[in-house]
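Protein chains in written order, with UniProt numbering: chain A, 1 to 239; chain X, 1 to 239.
Protein chains: 2
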Amino acid sequence: MAEEVLTQHISHQFDTELRTLRSQMLSMGGLVEEQLANALQALKTNDEMLAKQVYNNDYKVNALEVTIDEECTRILARRQPTAGDLRLVLAVIKTITDLERIGDEAERIARMSLQVQGGIQARYYLSVHHLGELARQILHDALDSIARLDTEAALAVIRETHRIDGESESVNRQVLTYMMEDPRMIPLGLTLMWSARALERVIAHSRNVCEYLIYFLKGKDIRHISLQKVEEEARQPHY
Amino acid sequence: MAEEVLTQHISHQFDTELRTLRSQMLSMGGLVEEQLANALQALKTNDEMLAKQVYNNDYKVNALEVTIDEECTRILARRQPTAGDLRLVLAVIKTITDLERIGDEAERIARMSLQVQGGIQARYYLSVHHLGELARQILHDALDSIARLDTEAALAVIRETHRIDGESESVNRQVLTYMMEDPRMIPLGLTLMWSARALERVIAHSRNVCEYLIYFLKGKDIRHISLQKVEEEARQPHY
C-alpha cells in the first residue's frame with residue numbers, strides 16, 4: 001500500500017525526495033522509541049549510565065527534527081506540491097514536532113530517574129510500569145501505522161488511547177495513598193507521578209501522529225473531534 | 001515595520017490572505033491569553049463558574065486552530081509561496097500548534113482549580129502566583145512581538161524564559177516542604193505543583209512562538225541552540 005500511495009510522480013527525483021523524507025521521519029521515530037525504552041529501563045533499574053545516555057542523545061532527536069524540517073521547507077519551495085503531496089509534507093512537519101516532544105518526555109523521565117536515591121522498589125515501580133508498557137506499545141503501533149500508511153491501524157491506536165484515558169490518574173491515586181501513609185514516600189511518589197504524567201504526554205503525542213497520518217491519507221482533519229466521529233470520517237472514501 | 005514586511009505582492013488578494021491569516025493567529029493568541037488569565041483567576045479565587053467557562057471555551061481555541069490550519073494549507077496549495085511568504089505560512093502553522101497547547105494548559109489549570117476543596121489559602125497560593133504572573137507576561141510579550149514583527153522583542157522574551165528557567169522547581173521545593181510537614185497538605189500541594197508545571201509549559205510554548213517569529217523574519221531556525229548563539233544568529237542580517 002505504501003508504494004501505491006507514494007509512487008505517482010513523473011519526476012523520479014521528486015519521488016526520491018518524498019521517500020527520503022518519509023524514511024528520515026521513520027528513523028527519527030525509531031530513535032525516539034529507543035530513547036523512551038532506555039529512559040524507562042533507567043528508571044526501573046536505577047541505571048545512571050543509561051539515564052545519562054538518554055540525556056546525552058536528546059540532541060540527536062533535535063538535530064533530526066531540524067534537518068527534516070529544512071527538507072520539508074525546501075520541498076515546499078522547490079516542488080510546490082499540491083493535494084496528497086502537500087498533505088504528506090505538512091503531516092511530516094507536524095509529526096516531527098510531536099516526535100521531538102516525545103523525545104523531551106523521554107529525557108525528562110531519564111532526568112527523574114537520576115533523582116531517585118537508591119532506586120525504586122519493585123512494588124512502587126509497578127504502578128508506573130504498566131503505563132510505561134502501554135506508552136511504548138502505543139508509540140510503536142503509531143510509528144508502525146505510519147510505516148505501513150495504514151488508516152485502520154492508526155484508528156486502532158486512537159481508539160486505544162481513548163480506552164486508557166485516565167490510566168495516569170489511577171497511578172496518581174495509588175501513589176497518593178503511599179504518600180499520605182508515609183510522608184517519607186513523598187519524593188519518590190512525586191517521581192512516579194511526574195513519570196506517569198510524562199507517559200501520558202507520550203500517549204497524547206502518539207495519538208496526534210496517528211491523526212496527522214489520517215489527515216495525509218484521507219485529507220481530513222480529525223483533531224478535536226469525538227472518537228465516533230473520527231471513525232466515521234476516516235472510513236469515508238478519500239475525496 | 002509590520003506593513004513593510006508584509007506588503008510586497010502584486011496580487012492584492014494574496015496580500016489580503018496573508019494579512020487575514022496573521023490577524024486570525026493574533027485573535028487566537030488573544031483568546032488563549034484570556035483563557036490563561038481566567039484559569040489563574042479561577043485557581044486563585046476558587047471561582048467554579050469561571051473555571052467552567054475556561055473549560056467550556058477550549059473548543060473555541062481548537063476550532064480556531066483547525067480553521068487557520070486549513071487556511072494555511074489552502075494558501076500553500078493555491079499560492080505556492082516561496083521565501084518569506086512560505087516562511088510566514090510555516091511559522092503560522094507551528095505557532096498555532098503551540099497556542100493550542102497553551103490553551104490546553106489553561107484548561108488543565110481550570111480543571112485543577114475545581115479539585116481544590118474550599119479554595120487555596122493565600123499563603124499557599126503565593127508560591128504559584130508569581131510564576132503565574134511571569135507566564136502571563138511572557139505569553140503577552142510573545143504575542144506582542146508577533147503583532148509588531150519585532151525580532152528584538154522576541155529575543156527579549158527568549159532571554160527572559162532562560163532567566164526564569166527553574167522557577168517552577170523552586171515552587172516544587174517550597175510546596176514539598178509543606179507536604180512533608182503536614183501530609184494533609186499533599187492534595188493541595190499536588191495541585192500547586194501541577195499548576196506550576198502547566199505554567200512552565202506555557203512559558204516553553206511562548207518561547208517556541210518567538211523562535212518561529214525569528215525563523216520567519218530572519219530565515220534561521222534557532223531551535224535547540226544556546227541562548228548566546230540565538231542572539232548572534234538573530235542579529236545577523238537576513239540572508
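For glycine and all other residues, C-beta sits at the position ideal for the given N, C-alpha and C.
In the three-state scheme derived from DSSP, where H, G and I count as helix and E and B as strand, X:N46 is classed as coil. Residue environment: A:T161 is assigned as buried (16 or more neighbouring CB atoms within 10 Å of its CB, all protein chains considered). Going by C-alpha positions, A:R101 is about 9 Å away from A:V61.
Nearest CB-CB separation between A:K218 and chain X: not below the 9 Å threshold. For A:R223, the C-beta contacts it makes with chain X under 8 Å involve N62, E65, V66, in order along the chain.
Taking C-beta separations shorter than 6 Å and ignoring five residues to either side along the sequence, X:H129 has no partners in its chain. In this structure, X:A63 lies near A:H224, with their beta-carbon atoms less than 9 Å apart. Excluding the 5 residues flanking it on each side, A:R79 has same chain C-beta neighbours closer than 6 Å at F14, in chain order.
If you draw a straight line from the Cα of X:E231 to the Cα of X:E133, it is about 25 Å long. Membership of X:V128 in the alpha helix (DSSP H) is indicated by the continuous run 122-147.
Boundaries of the alpha helix (DSSP H) harbouring X:I203: 186-218, taken from the DSSP string. In the structure shown, X:H12 adopts helical secondary structure according to DSSP, grouped into three states.
Against chain X, the CB of A:E70 has a partner CB under 9 Å away; the residue lies at that interface.
Cβ-Cβ distances below 6 Å link X:K220 to E233 in the same chain, with the five nearest sequence neighbours on each side left out; the list follows chain order. Distance between A:I120 and A:A106, taken at the CA atoms: about 18 Å. Of the candidates A:T45, A:E48, A:L126, A:L86, A:L86 places its Cα closest to the Cα of A:L21. By the neighbour-count criterion, in which a residue is buried when 16 or more other Cβ atoms sit within 10 angstroms of its Cβ, A:T177 is exposed. The beta carbon of X:P81 sits closer than 7 Å to the beta carbons of I75, V89 from its chain, once the five residues preceding and following it are set aside; these are given in chain order. A:R22 carries a helical assignment under DSSP once its states are collapsed to helix, strand and coil. By the C-beta density criterion, A:A122 is exposed, having fewer than 16 other C-beta atoms within 10 angstroms. Assignment of alpha helix (DSSP H) within the region 47-106 of chain A, counting only whole runs of 4 or more residues, yields 48-79 in chain order. The criterion of a C-beta distance shorter than 9 Å is satisfied by X:R136 and X:E33. Check the Cα spacing between A:L36 and each of A:R207, A:H140, A:I146, A:M180: the tightest is with A:H140.
In this structure, X:L131 places its C-beta atom within 9 Å of the C-beta atom of X:V171. In this structure, the alpha-carbon of X:N56 lies about 30 Å from that of A:A142.
If the five residues before and after X:S127 are omitted, its C-beta is found closer than 7 Å to the C-beta atoms of V171, Q174, V175, L192, all from its own chain and listed in chain order. Here X:S168 has L131, A196, R197, L199, E200 as same chain residues with Cβ atoms under 7 Å from its own Cβ, once five neighbours each way along the sequence are excluded. With a threshold of 16 other beta carbon atoms within 10 Å, A:R163 falls short and is exposed. Within the same chain, no Cβ atom closer than 6 Å to the Cβ of X:E70 is found once the five residues on either side in sequence are excluded. The C-beta separation of A:D144 from A:A153 comes to about 6 Å, placing the pair in contact by the 8 Å criterion. X:R111 carries a helical assignment under DSSP once its states are collapsed to helix, strand and coil.
In the structure shown, the three-state DSSP call for X:R173 is helix. In the DSSP assignment, A:H162 falls within the alpha helix (DSSP H) that extends over 151-163. Bounds of the alpha helix (DSSP H) holding A:Q228 are 227-235.
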